[in-house]
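The listed protein sequences correspond, in order, to chains U, B and A.
Here this note's numbering is used: the first residue of the first sequence is 440, the next is one more, and so on.
Here this note's numbering is used: the first residue of the second sequence is 3, the next is one more, and so on.
Here this note's numbering is used: the first residue of the third sequence is -9, the next is one more, and so on.
In what follows, a single structure is set out as structure tokens and then discussed.
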Amino acid sequence: MNRRKLSQNAAFSLFWAAGIMSVLIMAVVVGYVLVKGLPGISFDFFTTSPRGGLSGEGGIYSTIVTTFYLVVVTLAFAIPPGVGAAVYFSEYSGSTVGSLTGKLVNLARFGVDTLAGVPSIVFGLFGYAVFVTAMNLGFSILSASMAGACLIIPVIIRTTEDALESVPSGYREGSLALGANRWETTWKVVLPAAFRGISTGILLSAGRIVSETAIFFVTLGGSYRVPHSLMSGGRTMALHVYYLAMETRAFDRAMSTAAVLVGLVVVMNLGINTITGRITGKQR
Amino acid sequence: MTREIFNKELREVKDKLFQVTGDVRRNLKLSVRYLEKRDMTGAKMIVESDEIINLKVLEIEDLCLSIIATQQPVASDLRLLFSILQISTEIERIGDYAKGIARISLKIGSESLIKPLIDIPGMEQLAGQMLSDAITAFIEDNAVAAESISRRDARIDAMYNQVHRELLTFVMEKRSNINQTIMLDWIAHNLERVGDRVTNICERIIFTVTGNSVDLN
Amino acid sequence: MNKLETEAKGMSTRNYSLFYGGFKALNRISIQIPSNRITAFIGPSGCGKSSFLRSFNRMNDLIPGVTTEGEVCIDGRNVADEDVVQLRKKVGMVFQRPNPFPKSVFENVAYGPKLHGVKNRSDLAVVVEKSLKRAALWDEVKDDLHKSGMSLSGGQQQRLCIARAIAVEPEVILMDEPASALDPVATLKIEELMNELKANYTIAIVTHNMQQAARVSDYTAFMLTDENRAGNLIEFGTTKQIFTTPSDTRTEDYITGRFG
């Protein structure tokens, strides 16, 4: 009895220590970035664009605009096929088990799982070879968003599929039993019920676009000017951090930009938490 | 086989019914024997022991109700319990007939009998055997036997008619016989009723086994 | 009841078999389910009673690999020849677990009528009120039809599902263990409701609870799997007959709890 209690206490202490450790590491990283970065942040920092050159002078206005454009355009490319494919996998492919279509669906699922694990630079190189060069779109928001879409479509498919599958089958049965067809059931009952789960996946993907660098390094170029069309190149905030740190002397500004980035990611995660929190709050 | 508790309870209530039937059978037999022997103590004992039979029947009813309430019997189980309730009432009434015979025996008192008893013990013999056979058929779920047992009632009825006629001649013969004649006729009538009650029991047996309600009278 | 009339109306099957791929789940079932009565299907788990129930509104079509033989008829017409949307409008269904949509009470009930073309808001309001009243839920929800259907209690949710089924004006209501997830009080409410509904609808109910079958139904069908695990109809008769004098010993063994 005593021994069992002892081993339980030992195990719990270890887990507790591990938990503290991870929180500490995060606190140190975020704290360091904030301490170093916050002093450089001012109103002007947000409203002026980088001036270019080795000095790294200027704010981050154009990178905020680029990041925003890129996220919006990438999501516009990625959501329809991503959600669409997930709806097909989850709501329609069930009736094709064993048939040729069924086998293709399984293959597609396997493909999606594989793509989700591919390093982002691979999508970057693909984007560079196909969109930038072969299709002659150059370093542009268009090229970058298409490459970015390739990166996040698997994520959207997986999260949307999970969200759809967590919709109780009773909803579908109830709707079908009232004489609705599959599409009416999906559109009027299943998708609304899965809405929060799907939004979570989309927000996660948006976060991915905000924080990726390698893929955009080879598709977006590095222009520090404010983009004026889809064909303009640009640099996202994350990319800007990289440029500032590696190619200029303005390490402090890199830290400030990173601090803004961290703030943005925190806000997005809070958004996700409120959504998922509402889900669990509603269902239990 | 499932429902062990239920089966055990059913067995128990059937056993109790079998036992009380044995008691009634014995009282019936003794009531006529004490009548023949003019045994007043014995007759008194029978009147008193009927109380015990009534209590035993009440206990059976109580058991049936609690089984119905707790086990929700259906189909043959429900028919069985329903029949046990009915049969126990019939048995209780047969017990009352034995008590009635003993009471009449007490009323006749120290008078000597106007005639040696032949047909009345014969009726008791027949009716008592019917009762024993019927309860055995019930325990064995034997509907065929139940039907053939019920047919014996006709012989008891015939014997009763004979006793009745014979007693009438005694009244004709001698006016002072009238009191005892009426009493003996009443005893024979009680025994005749036992046969009818056993016939009812046979009907319940057939219902229990087949689910059909029949009229054997 | 006029016999010919009953046969033209109502539900029936003839030599109906159902297969899941190569596995025969129902074996040549023939039955005539009386109209405006409650018919209960009882039998041990896996005897195919739910599958059989789902044959009447072709919910089995949704399962890949299901094939059938024989006929399932409603009002004398084979359901296989009917448009499935029209069929399911005619044959409502209530499920084991209450499954209101995550929408308001109003939208739950209005869902079916909307599908079938009722667009006008005031028409919908009439249908919703009528259906909720018939499902004996109106008094409990009339003050707030816009609260979520999910916020109701389990028993209320199930009555909401019944209202939802009634709203498309079916002829038949299939109930697949409608009270198995409910407490005794809610169960009795559903049972009383069924008794009221049978004046207007033919009701077929699958239940594991034999006492419930005995309480609510007018007719009882007993199903059992044979040695090949295919479901067979063993006995069909009035509920009184099945529960007092079943003619098949297998029915007797099952309802007296001496099965297996």
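Idealized CB from N, CA, C, for every residue including glycine.
Bear in mind that the values here come from a model prediction, so they are computed numbers and not experimental data.
May I ask you to report which of helix, strand or coil DSSP gives residue i?
| i | result |
| --- | --- |
| K542(U) | helix |
| Q22(A) | strand |
| K14(A) | strand |
| G495(U) | coil |
| T719(U) | Confidence at T719(U) is low in this model, with a pLDDT of 48, below 50, so the placement of that residue should be treated as unreliable; the coordinate-derived value is given next. Of the three classes helix, strand and coil, the one that applies to T719(U) here is helix, per DSSP. |
| P489(U) | strand |
| R154(B) | coil |
| Y191(A) | coil |
| I480(U) | coil |
| N214(B) | coil |
| S237(A) | coil |
| T72(B) | helix |
| L19(B) | helix |
| V469(U) | helix |
| T(-4)(A) | Bear in mind that the predicted position of T(-4)(A) carries a pLDDT of just 47, short of 50, making it unreliable; the figure below should be weighed with that in mind. T(-4)(A) falls in the helix class under three-state DSSP. |
How should residue i be labelled, buried or exposed, when 16 other C-beta atoms within 10 angstroms of its C-beta is the threshold for buried?
| i | result |
| --- | --- |
| Q182(B) | buried |
| N98(A) | buried |
| K14(A) | buried |
| Y191(A) | buried |
| V472(U) | buried |
| R723(U) | Caution applies to R723(U), whose pLDDT of 31 falls short of 50 and renders its modelled position unreliable; the model cannot decide the point. |
| L142(A) | buried |
| L725(U) | Residue 725(U) is absent from the structure shown; chain U starts at 440 and stops at 723. |
| N575(U) | exposed |
| E600(U) | buried |
| A156(B) | exposed |
| D113(A) | exposed |
| K83(A) | At residue 83(A) the sequence reads Met, which differs from the Lys that was named. By the 10 Å Cβ count, M83(A) comes out buried. |
| I156(A) | buried |
So what does residue i bridge to, in DSSP terms?
| i | result |
| --- | --- |
| N222(A) | L214(A) |
| G82(A) | I163(A) |
| Y514(U) | Note on identity: in this sequence residue 514(U) is Leu, with Tyr being the wrong assignment. For L514(U), which the question treats as bridged, DSSP gives no partner whatsoever. |
| I32(A) | F212(A) |
| T171(B) | None; T171(B) has no bridge partner. |
| L37(A) | The residue asked about is misnamed: residue 37(A) is Cys in this sequence, not Leu. C37(A) is not bridged to any residue. |
| V56(A) | Y10(A) |
| I64(A) | M1(A) and R67(A) |
| S94(A) | S138(A) |
| T201(B) | DSSP, once it has assigned bridges, lists no residue as partnering T201(B). |
| G227(A) | T210(A) |
Of the choices the options, whose alpha-carbon is the least far from that of residue i?
| i | options | result |
| --- | --- | --- |
| G640(U) | S614(U), Y681(U), T715(U) and V657(U) | T715(U) |
| L603(U) | F656(U), V544(U), Y527(U) and G479(U) | Y527(U) |
| V118(A) | R4(A), A153(A), D208(A) and F9(A) | A153(A) |
| I711(U) | P607(U), T598(U) and G673(U) | T598(U) |
| E53(B) | S78(B), D64(B), A100(B) and T212(B) | A100(B) |
| L115(B) | I7(B), R154(B), A77(B) and L169(B) | L169(B) |
| P558(U) | E623(U), A450(U), F655(U) and L700(U) | F655(U) |
| G702(U) | F578(U), G660(U), I560(U) and V468(U) | V468(U) |
| R154(B) | Q127(B), K176(B) and F172(B) | Q127(B) |
| V200(B) | S112(B), A139(B) and L80(B) | A139(B) |
| I207(B) | E38(B), I158(B), P118(B) and E92(B) | E92(B) |
| K221(A) | G33(A), E167(A) and V62(A) | Here residue 221(A) is Gly; the residue named in the question, Lys, does not match the sequence. Comparing Cα-Cα distances from G221(A) to each of G33(A), E167(A) and V62(A), the minimum goes to G33(A). |
| E142(B) | V216(B), R40(B) and K16(B) | K16(B) |
| L564(U) | P631(U), G660(U) and M460(U) | G660(U) |
CB-CB under 7 Å to residue i, same chain, minus the five flanking residues each way: which ones, in chain order?
| i | result |
| --- | --- |
| L554(U) | P593 |
| T696(U) | I499, M676, H679, V680 and L683 |
| G124(B) | M161 |
| T487(U) | G497, G498 and Y500 |
| E63(B) | L87 and S90 |
| R48(A) | V69, V74 and L77 |
Residues in its own chain within less than 6 Å of residue i by CB, not counting five upstream and five downstream?
| i | result |
| --- | --- |
| F484(U) | G498 |
| L135(A) | V95 and F96 |
| G44(B) | Y36 |
| A104(B) | S33, A45, I48 and V49 |
| F9(A) | T57 |
Can you find the residues in the same chain that come closer than 8 Å, C-beta to C-beta, to residue i, ignoring five residues on each side of it along the sequence?
| i | result |
| --- | --- |
| R548(U) | F528 |
| D51(A) | V74 |
| G111(B) | M42 |
| E14(B) | L65 |
| I560(U) | A653, I654 and V657 |
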